[in-house]
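Reviewing the structure listed below.
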Amino acid sequence: MTTITDRYVYAVGRRVPKHQRDELELEVRALVTDTIEAKREEGASDPERDAIIQLGDPERLAATYTDRPLQLIGPALFPAYRRTMVLLYSLVPPIAVLVMVVVQAFARDDIGDIIGSAIALAIQVCVHVGFWTTLVFVILERVPREGRGIADWTPDMLPDPDAGERGLDRGGLIGGILWGAFIIAAVFWQQFASPIRTATGDSVPVLNPQLWTFWLPWIIVVMALQVVFTVFVYSQRRWTYPLALGRIVLDVAFLVPVAWLALTGGLLNPAFFAAVHWPQGADAAGWLGILIAVIALLGVAIEIVSALRDAAKSRTTASVA
Amino acid sequence: MVSHMEIDDTTAGHLQELRRGTVVLACLLSLRVPDYGYALLERLETLGFATDAGTLYPLLRRLEKQGFLSSSWNTDDARPRKFYQTGAAGLALAQTLLADWSAITESIRTLTSGDES
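For the protein sequence lines, the chains are A and B, in the order given. Residue 1 is where the first sequence starts when you use the numbering used here, and the numbers rise one by one after that. Residue 322 is where the second sequence starts when you use the numbering used here, and the numbers rise one by one after that.
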């Protein structure tokens, strides 16, 4: 009959290296029996059980005996681990997805397939980045370290409060205004002054003229709002979450309709394809629409991420100041 | 906003923190006379040193590994027990720790004497 003490001693013993085991098991057995004895003197109804409960998790006891870490990644390595993870996650998945989407767009895949495989790839890359980085640090945690740790912190890593304090710098202000003005000008220019001509010399708009009923005026209004918004953000001197939300709404209002129209084939003017003698006519230009849509949606994704990041950064520096 | 319970817990935590390092010194001094783990544990508890079996046994083992304690199994009793005794290196360590203890007492006294004047 195996007693609970036997099982406890065994549980501790199997957690320590073989050459220490026999002696340690003797010692743990002495510890357990002494504790039981003390519990009996206290008048416990089940001293053995009480003693084991008091001694606690055998794995932890074994770890205190052998000086093994009880944490996956300890305080010495955690800051480096966190920095590495943030760096890798902000670089590797976006680059991998971007490369794949561009390649597939030229392979003329169905847009649904592209989005599907982009999501699948993003998940895979995230899992791999997380797993392998963690594994490396878990191993480092268990290798004896001498002197200073890896990826040491240096004063150069300190964030610059001034950089985060101003929400939008002058370059961002000018860029935002120019971008809005450029899009509005381009919409008018392609309609009234397009360099593309038919055989009879008439100007051919690049965008579908039917869009003037709603979508082109919509885009002009959104871009005008974008210019006003950019000036407003600049005047606020720093990003906030409401401002980030406004930025995202404006970007979605512009880019999602563009992506949608490009995908459904209504964005570009069929006459334009004929005028430039597009190899297989307007029908075969589907991949061009896909490419435009993908770029627009990527733009949305990047803008959402950077809007939230700017807001978070600005908030951190504000609380420090 | 801080309740009495929290103050008590916090204070207890600081007291425990203050006493933690003293257990080593207490062991070294106490084991000038050979003793086994549980008897030492009870003696330390009577004297008010906060420790428990799960901490003290591994500590004794570590001190033995570092050469401050020597050990032998006593099989005279009904069940075998590991007896520890402070060795020469352990006594030297105890002297060093005691000297530091005095230095700390002196430093604290310097800090508190300012309050009395």
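Every residue, glycine too, gets a C-beta built ideally from N, C-alpha and C. All values reported here derive from a predicted model rather than from experimental measurement.
Test: residue i CB closer than 9 angstroms to a CB of chain B
i                       : result
glutamate 27 of chain A : yes
glutamate 48 of chain A : no
glutamine 71 of chain A : no
glycine 56 of chain A   : yes
proline 30 of chain A   : Looking at the sequence shown, residue 30 of chain A is not proline but alanine. At least one chain B Cβ lies under 9 angstroms of alanine 30 of chain A.
tyrosine 10 of chain A  : no
aspartate 6 of chain A  : no
aspartate 22 of chain A : no
threonine 35 of chain A : yes
Minimum Cβ-Cβ distance from residue i to chain A less than 9 angstroms
i                        : result
proline 355 of chain B   : no
glycine 358 of chain B   : yes
glutamate 427 of chain B : no
arginine 430 of chain B  : no
arginine 442 of chain B  : There is simply no residue 442 of chain B to check, as chain B begins at 322 and stops at 438 in what is shown.
Simplified DSSP state of residue i, which is helix, strand or coil
i                            : result
glutamine 333 of chain A     : Outside the shown range of chain A, which is 1 to 321, sits residue 333 of chain A, and nothing can be said about it.
serine 306 of chain A        : helix
glutamine 416 of chain B     : helix
serine 45 of chain A         : coil
leucine 207 of chain A       : strand
leucine 326 of chain A       : This structure leaves residue 326 of chain A out entirely; chain A is present only between 1 and 321.
aspartate 356 of chain B     : strand
arginine 197 of chain A      : strand
alanine 371 of chain B       : coil
glutamine 190 of chain A     : helix
leucine 168 of chain A       : coil
valine 16 of chain A         : coil
valine 228 of chain A        : helix
lysine 376 of chain B        : The sequence given here has threonine at residue 376 of chain B, not lysine. In this structure, threonine 376 of chain B counts as helix in the three-state DSSP scheme.
phenylalanine 389 of chain B : coil
threonine 2 of chain A       : coil
phenylalanine 214 of chain A : coil
valine 221 of chain A        : helix
tryptophan 179 of chain A    : helix
threonine 240 of chain A     : coil
glycine 56 of chain A        : coil
alanine 76 of chain A        : coil
glycine 411 of chain B       : helix
aspartate 110 of chain A     : coil
valine 86 of chain A         : helix
glycine 342 of chain B       : coil
CA-to-CA distance, residue j to residue i, given in whole angstroms
i                            : j                         : result
isoleucine 115 of chain A    : valine 92 of chain A      : 18 angstroms
arginine 247 of chain A      : alanine 307 of chain A    : 7 angstroms
alanine 262 of chain A       : isoleucine 290 of chain A : 7 angstroms
arginine 148 of chain A      : leucine 77 of chain A     : Confidence is the limiting factor: at arginine 148 of chain A the pLDDT is only 46, short of 50, which leaves the residue's position unreliable, though a coordinate-based value still follows. Roughly 11 angstroms separates the two Cα atoms.
alanine 312 of chain A       : isoleucine 174 of chain A : 23 angstroms
glutamine 416 of chain B     : arginine 364 of chain B   : 21 angstroms
alanine 181 of chain A       : valine 222 of chain A     : 11 angstroms
alanine 44 of chain A        : arginine 400 of chain B   : 21 angstroms
valine 344 of chain B        : aspartate 46 of chain A   : 30 angstroms
threonine 372 of chain B     : leucine 412 of chain B    : 21 angstroms
aspartate 169 of chain A     : glycine 299 of chain A    : 21 angstroms
phenylalanine 192 of chain A : leucine 216 of chain A    : 14 angstroms
valine 136 of chain A        : threonine 84 of chain A   : 11 angstroms
leucine 245 of chain A       : arginine 340 of chain B   : 53 angstroms
alanine 274 of chain A       : glycine 266 of chain A    : 15 angstroms
asparagine 269 of chain A    : tryptophan 218 of chain A : 18 angstroms
lysine 386 of chain B        : valine 138 of chain A     : 27 angstroms
leucine 362 of chain B       : leucine 377 of chain B    : 7 angstroms
leucine 70 of chain A        : threonine 64 of chain A   : 9 angstroms
Beta-bridge partners of residue i, as assigned by DSSP
i                         : result
serine 434 of chain B     : According to DSSP, which records beta bridges pairwise, serine 434 of chain B is partnered with nothing at all.
tryptophan 132 of chain A : Per DSSP, none; premise fails for tryptophan 132 of chain A.
lysine 403 of chain B     : B:Trp394
aspartate 156 of chain A  : Per DSSP, none; premise fails for aspartate 156 of chain A.
Residue i Cβ short of 8 angstroms to the ligand FAD heavy atom set
i                         : result
methionine 100 of chain A : The ligand FAD is not part of this structure, which contains no ligands at all.
Chain-ordered neighbours of residue i on chain D, where CB pairs are closer than 8 angstroms
i                     : result
alanine 38 of chain A : Among the protein chains in the structure shown, which are A and B, there is no chain D.
Subject >> Residues of the stretch 368-399 of chain B whose Cβ lies closer than 8 angstroms to any Cβ of chain A, in chain order >> reply: Taking a C-beta cut-off of 8 angstroms against chain A, the contacting residues of the stretch 368-399 of chain B are Asp373, Ala374, Gly375, Thr376, Tyr378, Pro379, Arg382, Arg383, Trp394, listed in chain order.
Original post:
Of the residues that make up the stretch 80-99 of chain A, which ones have a beta carbon closer than 9 angstroms to any beta carbon in chain B?
Top reply: Under the 9 angstroms Cβ criterion, the stretch 80-99 of chain A contributes no residue.
Original post:
Using a Cβ cut-off of 7 angstroms, which residues of the stretch 58-69 of chain A contact any Cβ in chain B, in chain order?
Top reply: Taking 7 angstroms as the Cβ-Cβ cut-off, the stretch 58-69 of chain A approaches chain B at Leu61, Thr64, Tyr65, given in chain order.
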